[in-house]
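With the UniProt record's numbering, letter number 195 in the sequence shown gets 195, and the count goes up by one each step, no holes. Each residue gets a CB set at the ideal place from its N, CA and C atoms; glycine is no exception. What follows is a set of notes on a single structure, which appears directly below.
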Amino acid sequence: MNRLTGSFPLVQNLTKLSIIGLFGNYFSGTIPSSVFTMPFLSYLNLSENNFNGSIEVPNSSSSSSLEVMHLGLNHFEGKILEPISKLTNLKTLDLSFLKTSHPIELSLFSSFKSLLYLKLSGDSISPASLSSDSYLPLSLEVLFLQQCDIREFPDILMTLRNLVVIDMSSNRIKGKIPEWLWSLPHLKSVVVTDNLFDGFQGSAKNLVNSSVQYLGLESNHFKGTLPHLPHSLISFSARNNSFRGDIPLSICNRRSLAVLDLSYNNFTGPVRKCLSKLTIVSLRRTTWKEVFQTLSMPVPLS
């Protein structure tokens with residue numbers, strides 16, 4: 001990481017340039033519109049700078065070669081999504097922590113027919129645009145919505161049949177995780193850490209039969225017995241909740257499971273001996289006793 005300062009460098013005359021990476025500097029001012037018409041530019045990373053003002057994208061940019069753009073952690077002003085929506089060939093877009101004064105309307109992403117990766121963490125999102133009546137590109141595979149002050153589960157996810165990764169950490173979503181989430185056929189990673197969830201909707205079979213491999217439920221209000229986990233699960237963390245009772249015996253049949261964190265809950269009963277086969281197990285501040293005698297492995301307890 002450098003500490004370069006000044007305005008955007010004069011690169012427009014470098015017509016064969018395909019990659020611009022200026023992230024992690026102190027560049028300021030506006031981004032010249034001519035950048036978006038550079039014929040071979042496919043990668044643009046301007047994140048972690050002090051760029052400000054509005055963004056102007058010429059209408060001719062619809063034929064742009066730009067596929068990857070990172071603009072996070074800057075200080076843009078105004079409604080910047082409308083001009084950005086002209087860059088219809090984008091596959092990766094990071095607009096996290098932009099500090100704009102206008103909430104983001106997700107409908108403006110509808111022009112990105114090939115978008116695979118979208119990061120909006122730290123941004124204000126219009127609540128209405130999170131409903132099932134809104135639209136996100138059906139091609140989307142990775143979606144980050146951390147710290148967006150979301151209050152209700154975004155039903156807009158229901159249409160994203162290609163979704164692989166969803167991270168909604170550090171919001172204020174309450175209630176139960178809807179059962180339709182587990183029916184998304186390609187879903188591998190679900191992280192809802194630091195919210196207000198207290199349970200799961202519907203039948204336990206929906207979660208068990210899902211394709212999820214990484215599940216993060218930390219720091220919520222989950223209570224009751226631990227649900228039966230997906231057969232495909234590799235990593236599971238439910239630390240800092242109010243789960244109680246025994247660990248389900250079915251956890252011993254999760255042959256792919258390698259990481260398990262059940263710290264800071266209210267579990268009782270025996271510790272399953274099969275946990276000794278896992279790579280990482282954390283049982284800090286549980287009510288179990290004689291864990292070391294049950295598991296012939298070093299398990300952190302406090």
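Quick one: is residue i buried, meaning 16 or more other Cβ sit within 10 Å of its Cβ, or exposed?
i: N253; result: exposed
i: G72; result: buried
i: L249; result: exposed
i: I166; result: buried
i: I177; result: buried
i: F36; result: buried
i: I280; result: exposed
i: P154; result: buried
i: T193; result: buried
i: L160; result: buried
i: L136; result: buried
i: L14; result: exposed
What does the alpha-carbon distance come out to for the pair residue i and residue j?
i: E56; j: L217; result: 40 Å
i: V164; j: K119; result: 14 Å
i: Y214; j: L233; result: 6 Å
i: E141; j: K273; result: 37 Å
i: L87; j: I80; result: 12 Å
i: R255; j: M38; result: 50 Å
i: L184; j: L10; result: 45 Å
i: V190; j: R285; result: 25 Å
i: L229; j: L257; result: 10 Å
i: S302; j: N195; result: With a pLDDT of only 36 at S302, under the threshold of 50, the placement of this residue in the model should not be trusted; the figure read from the coordinates follows. Going from the Cα of S302 to the Cα of N195 covers about 24 Å.
i: L138; j: N162; result: 7 Å
i: L98; j: S134; result: 22 Å
i: Y117; j: S34; result: 25 Å
i: S101; j: F267; result: 45 Å
i: G53; j: L278; result: 51 Å
i: G6; j: I251; result: 56 Å
i: N89; j: V271; result: 52 Å
Less than 8 Å between the C-beta atoms of residue i and residue j, yes or no?
i: S96; j: S121; result: yes
i: P227; j: F200; result: yes
i: S65; j: S42; result: yes
i: S219; j: N206; result: no
i: D123; j: S47; result: no
i: A238; j: F222; result: yes
i: L187; j: S211; result: yes
i: T225; j: G202; result: no
i: N265; j: F236; result: no
i: K91; j: S114; result: yes
i: L157; j: L181; result: yes
i: H231; j: V208; result: yes
Only counting the same chain, and skipping five residues up and downstream in sequence, which positions put a Cβ closer than 8 Å to that of residue i?
i: F51; result: F8, F27, S28, G29, T30, I31, L71, N74, H75 and F76
i: R151; result: P127, N171, R172, I173 and K174
i: N59; result: K86
i: S132; result: D155, I156, M158 and T159
Using a Cβ-Cβ cutoff of less than 6 Å, which residues in the same chain neighbour residue i once the five nearest sequence positions on both sides are dropped?
i: I19; result: Y43
i: E105; result: S126 and S129
i: L22; result: L46
i: Q147; result: S121, G122 and S170
i: K16; result: F40
i: G269; result: D246
i: E179; result: Q201, G202 and N206
i: F292; result: Since pLDDT at F292 reaches only 42, below the 50 mark, its modelled position is unreliable, and no value is offered.
i: V68; result: Y43 and T92
Ignore the nearest five residues each way along the sequence and tell me which others in residue i's own chain have a CB closer than 7 Å to its CB.
i: P103; result: S124, I125 and S126
i: E82; result: L108
i: E290; result: Note that E290 scores 42 on pLDDT, short of 50, meaning its location in the model is unreliable and no value can be drawn from it.
Please report whether the beta-carbon of residue i lies at a distance below 8 Å from any beta-carbon of chain C.
i: S129; result: Note that chain C does not occur in the displayed structure, where there is just one protein chain.
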